[in-house]
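Note sheet for the following structure.
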Amino acid sequence: MTGQTDWLAGGDRRAMAVDRIERAALALFLERGIDMVTAEDIAAAAGCSRATLYRYAGGKPRIVRAVMVRAAGNVVARVEAAIDPVPPARRPVEAILAAVAAIRADPVLRQWLIRHRSADTDEFLADAPELGRIATTLTSIVPDDAAAGWIVRVVLSLLTWPLPDAAAERHLVERFVGPALRAR
Numbered sequence: 022m023t024g025q026t027d028w029l030a031g032g033d034r035r036a037m038a039v040d041r042i043e044r045a046a047l048a049l050f051l052e053r054g055i056d057m058v059t060a061e062d063i064a065a066a067a068g069c070s071r072a073t074l075y076r077y078a079g080g081k082p083r084i085v086r087a088v089m090v091r092a093a094g095n096v097v098a099r100v101e102a103a104i105d106p107v108p109p110a111r112r113p114v115e116a117i118l119a120a121v122a123a124i125r126a127d128p129v130l131r132q133w134l135i136r137h138r139s140a141d142t143d144e145f146l147a148d149a150p151e152l153g154r155i156a157t158t159l160t161s162i163v164p165d166d167a168a169a170g171w172i173v174r175v176v177l178s179l180l181t182w183p184l185p186d187a188a189a190e191r192h193l194v195e196r197f198v199g200p201a202l203r204a205r
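Using the numbering used here, the first residue of the sequence shown is number 22, and each one after it goes up by one.
As structure tokens, then:
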């Protein structure tokens, strides 16, 4: 090992390894799409072995989830800022519209949810209680798994089957979603 430097020199090795692997995965996902990237590709881009990748970050499904949760955190911050001044009765509508706008503005989620929708995407969404908790919190509804899942589906529907413009989307959400959530 003479002359070689440790690829994780200094600091918390686990945190550094996970961050490096997730950043490499993100770059590859954006470049090729999630389905076209393998664990071997991620390991090579991160400069580590497959064994190191699995030790620190798990397999590809765990890496995909980690990258998406990180991106979702950015969306949550944008939505929270947008709905902070909104009265509670208007929050469901405004949170849904703000989430759609924030996802469209996020390169990771836009590519993942709009351009590269796949079986991996659907599996993640179906098995992501984080999304339901985020939906419940941002819309200020009483925690309800069915309602939270429905809100996630409304957002995904607007992303994958958009209306002609923001005004049409607002009208649809105000007319059908707002009353349904207020009636609860």
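Built from N, CA and C at the ideal position, the CB exists for glycine as well. Note that the coordinates shown come from a computational prediction; the quantities given were computed from them, not determined experimentally.
Nearest residue (CA-CA) to residue i, options the options
i: G94; options: L184, A110, D33 and T158; result: T158
i: I124; options: V176, E61, W182 and L51; result: V176
i: V90; options: S70, R154 and P185; result: R154
i: A120; options: L152, A66, R44 and H192; result: L152
i: P150; options: L134, C69, Q132 and A169; result: A169
i: Q132; options: A188, D56 and D165; result: D56
i: R86; options: A122, V39, T73 and L202; result: V39
Cβ shell of residue i (< 7 Å), same chain only, five flanking positions each side left out
i: R35; result: Y77
i: G195; result: The identity of residue 195 in the sequence shown is Glu, whereas the question assumes Gly. Contacts found: V114.
i: D127; result: A92, N95 and V96
Nearest-angstrom Cβ-Cβ length linking residue i and residue j, presumed shorter than 8 Å
i: I54; j: V114; result: For the record, residue 54 in the displayed sequence is Gly; it is not Ile. Rounded, the Cβ-Cβ distance is 32 Å, inconsistent with contact.
i: L184; j: L193; result: 6 Å
i: E43; j: L118; result: Not confirmed; about 29 Å, so no contact.
i: G80; j: A65; result: Not quite, the Cβ-Cβ distance comes to about 15 Å (not below 8 Å), so this is no contact.
Same chain, Cβ closer than 6 Å to residue i, five either side skipped, listed in chain order
i: A46; result: I63, I84 and V88
i: V173; result: L152 and A156
i: A67; result: R41, I42 and A45
Residue i, enclosing alpha helix (DSSP H) - first and last residue
i: I172; result: D166 to T181
i: L51; result: R34 to R53
i: D62; result: A60 to A67
i: I162; result: Where I162 is concerned, there is no enclosing alpha helix (DSSP H), given that its DSSP letter is neither H nor E.
Close Cβ partners of residue i (< 8 Å) along its chain, the five nearest in sequence each way excluded
i: A104; result: The sequence shown places Ile at residue 104, not Ala. For I104, where only same-chain residues beyond five positions count, the Cβ hits under 8 Å are R112, E115, A116, A119 and L159.
Pairing CB atoms from the region 152–171 with CB atoms from the region 95–110, are three or more of them under 8 Å?
-> yes
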